Amino acid sequence: MADKSKSQDGQQSPPAGMIGAGTEEPPFLSNADIADRLASLAQLLSAQKENPYKVKAYQRAAAKLRNMSESVQELVQDDADLTVYAGIGDAIAAAIQEIVQTGNLRKLESLRAEASPEIASMNDYPRLDPKRVKRVYKKLGISSVQELREKLESGEIERALGVRLAQHVRQGLTETRAMLLYQADDLRAAVEEFLLGPCRVRRAEVVGDVRRRVDVIEEPAFVIETDDFSGVVTRLQRYGGRTPLVLRQRQCRFCAFFGRRVTYPAGRQKGLGTAHGRLHRV
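Residue 281 is where the sequence shown ends in numbering that gives the first Met the number 0, and the numbering goes up by one at each step.
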């Protein structure tokens, strides 16, 4: 019986899901989806006591991708040179290309397979520092994220290891769309550039809590001047590769919400939350 894994010319066929398989398209990935994989890799490298500079490089690259207005997937598909972007070297560019082309990252999957159950479960929460969490595990005699959450809520982590470590754990486990002011500033700059560029608005100004310089931002808001608001909203949904419109309101002004989808690895929709923004037409 013929080997179905070979083509008619006798050559080995690529696995399903790989480029060239002919039966499956690579998954669509937003910038946040790709960034999550890099952040998860950084976490596992840190757990293995990898060179801290290498860990930081992947963390910085993940942060860079989250605030890029261009679709990283489209850049890869267009054979763009990713190394022109600050913080992305040859190795990280190759990792991004692999993620886009296959939907996976072999190094990440290999480290997950080798990781202890404690570290593997922690990888669902890329913002957790494994070294800090392992200190908590050892001190309190626990071994799971569920127990970690229980100890946090009971106050045992703060009593045993201090308020700063408790705050880190809370931030790593909390699903929230809020962001700190400096993070909102990075997002604001990228969104304004996108509005004035691809969206072709005449004017874009940040308003609300960002303009008032509030420490924690729940929802960045922008006022724009344009003759084609619906077109702007349509183009804005391409921000960062994919920015779904989640609500429309028709009042005295047309308003729309947009967000950066943040998911955990493997596409699980229980991620860090969605950073929403509000767009007003003047």
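Just so you know, even glycine gets a beta-carbon here, dropped at the ideal spot from N, CA and C. All of these numbers come straight from a predicted model, not from anything done at the bench.
Test item: CB-CB of residue i and residue j under 8 Å
i	j	result
glutamine 58	arginine 126	no
serine 29	alanine 189	no
leucine 40	lysine 130	no
histidine 167	aspartate 128	yes
arginine 187	valine 162	no
Integer-rounded CB distance, given that residue j should sit under 8 Å from residue i
i	j	result
isoleucine 95	valine 132	The Cβ separation is near 27 Å, so there is no contact.
alanine 60	leucine 43	About 15 Å separates the two Cβ atoms, so there is no contact after all.
leucine 172	arginine 148	6 Å
arginine 212	leucine 180	6 Å
isoleucine 156	alanine 183	Actually they do not touch by this definition, with Cβ atoms about 28 Å apart.
arginine 65	alanine 34	5 Å
Residue i, buried or exposed, once every other Cβ within 10 Å from all chains shown has been counted against 16
i	result
proline 51	exposed
phenylalanine 193	buried
phenylalanine 228	buried
isoleucine 87	buried
lysine 137	exposed
arginine 158	exposed
serine 45	buried
lysine 150	buried
glutamine 250	Legend: pLDDT at glutamine 250 = 35, less than 50; position of this residue unreliable, no value from coordinates given.
aspartate 78	exposed
aspartate 89	exposed
alanine 112	exposed
Close Cβ partners of residue i (< 7 Å) along its chain, the five nearest in sequence each way excluded
i	result
proline 197	Arg234
alanine 203	Glu191, Leu194, Leu195, Phe221 and Ile223
lysine 53	Leu44
valine 209	Ala183, Arg187, Ile216 and Pro219
Residue i: first and last residue of the uninterrupted alpha helix (DSSP H) it sits in
i	result
valine 222	Unbroken run through valine 222 is the beta strand (DSSP E), 220-224; no alpha helix (DSSP H).
alanine 92	89-101
aspartate 123	Here aspartate 123 belongs to no alpha helix (DSSP H), and DSSP marks it neither H nor E.
glycine 230	228-235
leucine 147	144-153
glutamate 113	105-113
leucine 37	30-46
tyrosine 136	129-139
leucine 81	It is not in any alpha helix (DSSP H) - leucine 81 carries neither H nor E in the DSSP assignment.
arginine 65	51-65
arginine 169	162-172
Other residues of its chain near residue i: CB distance less than 8 Å, five sequence neighbours each side excluded
i	result
threonine 225	Cys198, Arg199, Val200, Arg201, Val231 and Arg280
valine 75	Leu81, Ile95, Gln96, Val99 and Gln100
asparagine 103	Glu97
valine 144	Ser120, Met121, Asp123, Tyr124 and Leu172
Boundaries (first-last residue) of the beta strand (DSSP E) holding residue i
i	result
glutamate 204	202-206
Cβ-based neighbour list, residue i, same chain, cut-off 6 Å, excluding 5 preceding and 5 following
i	result
glutamate 117	Ser142
isoleucine 91	Ala60
glycine 207	Ala220
leucine 110	Leu43
lysine 63	Gly86
Distance cut-off 7 Å: residue i Cβ against heavy atoms of the ligand COA
i	result
leucine 110	The model depicted lacks the ligand COA and carries no ligand whatsoever.
Short CB-CB distance (under 8 Å) between residue i and chain B
i	result
serine 109	Among the chains in the structure shown there is no chain B, since it carries only a single protein chain.
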